[in-house]
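Heads up, the thing below is written out as structure tokens.
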Amino acid sequence: MELSAKYNPSEIEDKWYAYWMEYRLFHSDPDEREPYTIVIPPPNVTGVLHMGHMLNNTIQDVLVRRARMQGKNACWVPGTDHASIATEAKVVAKLASEGIRKADLTREQFLEYAWEWTRKHGGIIMEQLKKLGASCDWDRMNFTMNEAYSRSVVRVFVDLFNKGKIYRGVRMVNWDPKALTAVSDEEVIHKEEQGALYYIKYKIKQHNSPFGDREALDYCVVATTRPETIMGDTAVAIHPNDPKNAHLRGKTVIVPLINREVPIIEDEYIDIEFGTGCLKVTPAHDVNDYLLGEKHRLEVIDIFNNDGTLNEKAQIYVGQDRFVVRKQIVKDLEVAGLLEKVEPYTHTVGFSERTDVAIEPKLSMQWFVKMGELSEPALEAVMNDEVMLYPAKFKNTYRHWMENIKDWCISRQLWWGHRIPAWYLPDGRFVVAEEEAEALKLARAMTKNKALASTDLQQDNDCLDTWFSSWLWPISVFDPEVPGSGEEVDPNIDLQYYYPTSDLVTAPEILFFWVARMLMAGYEWAGGYPFKNVYLTGIVRDHLGRKMSKQLGNSPDPIELINKYGADGVRMGMLLTSPAGNDLPFDEALCEQGRNFCNKIWNAFRLVNGWQADDTVVQPAHSAQAGEWFKESLRKAVIDMNDDFDKYRLSEALMKLYKLFWDDFCAWYLEIVKPQAGQAMDSTTLGTARLFFDYLLRLLHPFMPFISEEIWQHLRPRQSGDSLMIQPQPYADSFDADCLSHFEVIQQAIASIRTIRQTKNILPKEPLELYVKGEMDERLFPLLQKMANLSVIRPDGPEDGRNVAAFLVGTTEFFVPLGVLLNVEEEVKKLHDDLEYQQQFVASVKQKLKNEKFVQHAPEQVVAFERKKQADGEARIKAIEEQLAALGG
RNA sequence: GGGAGCUUAGCUCAGCUGGUUUAGAGCAUCUGCCUUACAAGCAGAGGGUCAUAGGUUCGAAUCCUAUAGCUCCCACCA
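Using our numbering, the letters of the first sequence map in sequence onto residues 364 to 1252.
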């Protein structure tokens, strides 16, 4: 069989993915084995794969494939999220491009468009994951708006409501006066704006005056950027410890132009240094003011219409736009003598991402979940390490957030999502139920009106926050009947077997949005934590350190990368420099490195594949030695990699494997056992080499599934249905450290001889002689001889020290007689430099040992080690001095 | 403003409870090689006051304090 000199991924990747699918190797059913479960963080249903997904899913696939090869029943559940905000925004934009406005559609019509969009674009991302090699159990594909899943979301809402954990309340939302809708915090873009700070005089009302309630000359000054909202003022606030405003305590002031009397309140929220230290309080139009208002029980006066014009509650400027009013009111205040001054002022203002108009904070009725009790077990689980976060530094952040948790606003003014299962009665009261029929029953009971019809009920128009469905993900993908009625006869087998899942791999920015809430849901409805370990990935950045985003256009298309470098190459590129929790500065050079590694593996295979065994050939000593050494090296690597995996240090595990394969296996082992040109190979060595290759492929498979499978299938005849995917991982629990260190001495000696060749211009082909003086494992001489191309190895030093290149490994001296004349001066200088270095080294060690406190306090081992350092150093000095003497230096 | 974290070679990072020759790796760089597996390669080499300043200690990249710079999360100041 003819094999190309370059590995060609595109020829084999689809073939093997189809093969794995054909034999259902990704599929999992509960059995007696230990389960290993991952649920995918569901990407947006209509999204496309970006680099963050690449990283995230590569990590998951590595973990899943490894667990599968460790004999666990591995199950990776795929699926997508309906992503209400993002998807609805896309649908609205698409309709707009066709000249259709959402406002002109009924809910049903809009949802029809949305489903059409979802059917058209949904699932693209899952197909892309297949290109990456993701070994998901596609039979378990899920979607947060599936019928069953949706029922579970509604059931959870009803359950929480019945437990008294859901309530309605007023909340400040980001109102877009142009789109006439609330937008989420994520859709608000904060921009710096050059504005002004207006200082407005509020007259102080004089009480207890002997002359009655007459207006005084006295006033306080309030600084504001939004003078047009003063008609909504219901208080002026000062700091309780503010001496310069102390005279205002207990007074009331008059709101200019409309002459409303409002109280002076005191609160520590006020910044004494800002402006005059007096804050106008407008609860309807500022988040902080609203909180102040709530605290001090102030009246709330909403002076704006939905389109940003003023309403009749403003009393003046009714019907005019907020920005027109701002200009006009400043003039009017000035005329009235109530404007003290205007200062230029730079501040940030929120703008709507969709319409680019200034966001108006607006109060509205929303649904909330009480978080207090729900959050307790979720906080505890992480703090007592029942659930582990990797890296652990996120524990602090997590605690900080959980301890200051606020109630969760779960309603969204959107149509694409799970509609809130609340029905309003004509009298304004409401009932909560899973279905309309049930709601009607409840409503009839509540009103004691049996004639009440379903047409009298109006279901809430809002839908639920996306996270309110995705927090159930690790439960509902296995059992959408949770929370059940408590009357189920058969417990759900899948949930029992796969839950809790093993590892969750996700981005740190959704630690609170998603991870924390899944923990809460797990304890609330599934009796315990939803996952044992949370691996928080880094954020993928470009080489300038910017977050990759569509807007910047700095994100490469993952599929193009796969086409260019192969899936295995890209996977390796993603994993090479991505320790958990650290940012990943992405560079295509990393994929190139991955591709090069594939090529290296491929060519190593070509070499081994081309060898023919000859039973008449006896195994050379060096080949046997190389085999013994590589076996130990492999064992050590397996142990080290297991340790790395235990700590979720995937990139380090991969780097160890990279070096094991490239350096130890290719550069050393294969080079040692490689027969001379034209010579045959003994069957023992060939068998061993193939066995090693097999082990290496097993180690490689979780990281690079395609190339490893391709080569494994070539390595020996296979039955159909066989796959590397399901072979056990190599196992080791110990290794021979002496064997490795003896070999290392040989490696260093060989490298030194090669350096001599290079500096002396001696070709590798030309054999050299070698003298070895000192301790050395002589059994390894044949190996040394082959790799350094030595004609002979002799004990002790040469009699004539001239024209001999010398070097040290440890304390062992090596001499290479050279046919050419040495540049004595150069050699002497080199030896002097080395001597000086060694002398300084020994001096520093001596200094340390002379210190009585060191000898007293330091552990015995450490002192003994220092003594050995001294002895070795002195031995080396002696050797160098001898060499200098031999050169007559 | 509150919280968390980071700063080690040109780049990306290891370096765990202080002692393991005078700090390691990969990539990049430089030198020499088209050696019949691989130039997407082989062989070799160079490169670091461990951000700065103090402190603790017999001993500090490692522990403590301050300073500077950077990153992230939360709240965003009328």
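Glycine included, each C-beta is placed from N, C-alpha and C at the ideal position.
Proximity of R807 and L820 at Cβ, strictly below 8 Å: no
D866 - containing beta strand (DSSP E), residue span: 864-869
M1067 versus R934: straight-line alpha-carbon distance, rounded: 7 Å
According to DSSP, residues forming a beta bridge with L899: T869
Inter-stretch contact (C-beta, 8 Å, three-pair minimum) for the region 1002-1020 and the region 1069-1076: no
Residues bridged to Y1200 [DSSP beta-bridge criterion]: Paired residues: none, contrary to the question.
Stretch-stretch touch, CB-based, cutoff 8 Å, three pairs: the region 1149-1164 with the region 1119-1136: yes
Segment contact flag, the region 681-691 with the region 528-538, C-beta cutoff 8 Å, min 3 pairs: no
Option nearest L752 by Cα separation, candidates D828, A586, K895: K895
One or two residues paired with S1282 in a DSSP bridge: Not covered by the structure: residue 1282. The range shown for the chain is 364 to 1252.
Proximity winner among N1124, D1026, E662, relative to M594 (alpha-carbon distances): E662
CB of Q729 within 8 Å of CB of W786, strictly: no
Nearest neighbour of R775, chosen from Y892, V536, E675 [CA to CA]: V536
For G532, the three-state DSSP class (helix, strand or coil): strand
Residue ranges of each beta strand (DSSP E) within the region 1084-1116, 3 or longer: none
Buried versus exposed, by CB contacts within 10 Å (16 or more), Y1094: exposed
Residue(s) in a DSSP beta bridge with E1215: Note: E1215 sits in no beta bridge, so no partner.
C-alpha distance - V1187 paired with P1130, whole-angstrom precision: 23 Å
Contacts around W830, its chain only, beta-carbon distance under 7 Å, and the 5 residues preceding and following it disregarded: F876, W877, R880
The region 883-903 contacting the region 859-875, beta-carbon criterion three pairs below 8 Å: yes
Backbone CA spacing between E397 and S391 [nearest angstrom]: 12 Å
Option in K676, P846, D842 with minimal Cα separation from I856: D842
Boundaries (first-last residue) of the alpha helix (DSSP H) holding F473: 470-484
Cβ-Cβ distance between K568 and E629 below 8 Å: no
E723: first and last residue of the uninterrupted alpha helix (DSSP H) it sits in: Note, E723: premise wrong, no alpha helix (DSSP H); beta strand (DSSP E) at 723-732.
Unbroken alpha helix (DSSP H) run spanning N1005, endpoints: 984-1009
Per-residue DSSP class, three states only, for K1193: helix
V408 and T450 closer than 8 Å at C-beta: yes
Cβ-based neighbour list, R1053, same chain, cut-off 8 Å, excluding 5 preceding and 5 following: V971, L1078, R1079
CB-CB length for W779 against H445, believed under 8 Å: 7 Å
Closer than 7 Å: F793 CB and nearest the ligand ADP heavy atom: Within the structure as shown, the ligand ADP is missing, as the structure has no ligands at all.
Helix, strand or coil at R1157 [DSSP, three-state]: strand
C-beta contact flag for W771 and V795 at 8 Å: no
Span separating the alpha-carbon of E578 from that of H553: Because E578 carries a pLDDT of 48, less than 50, the predicted location of this residue cannot be relied on, and the following value inherits that uncertainty. Whole-angstrom Cα-Cα distance: 42 Å.
Buried or exposed (CB count within 10 angstroms, at least 16 for buried), D596: buried
Run of the alpha helix (DSSP H) containing M1018, from where it starts to where it stops: 1013-1022
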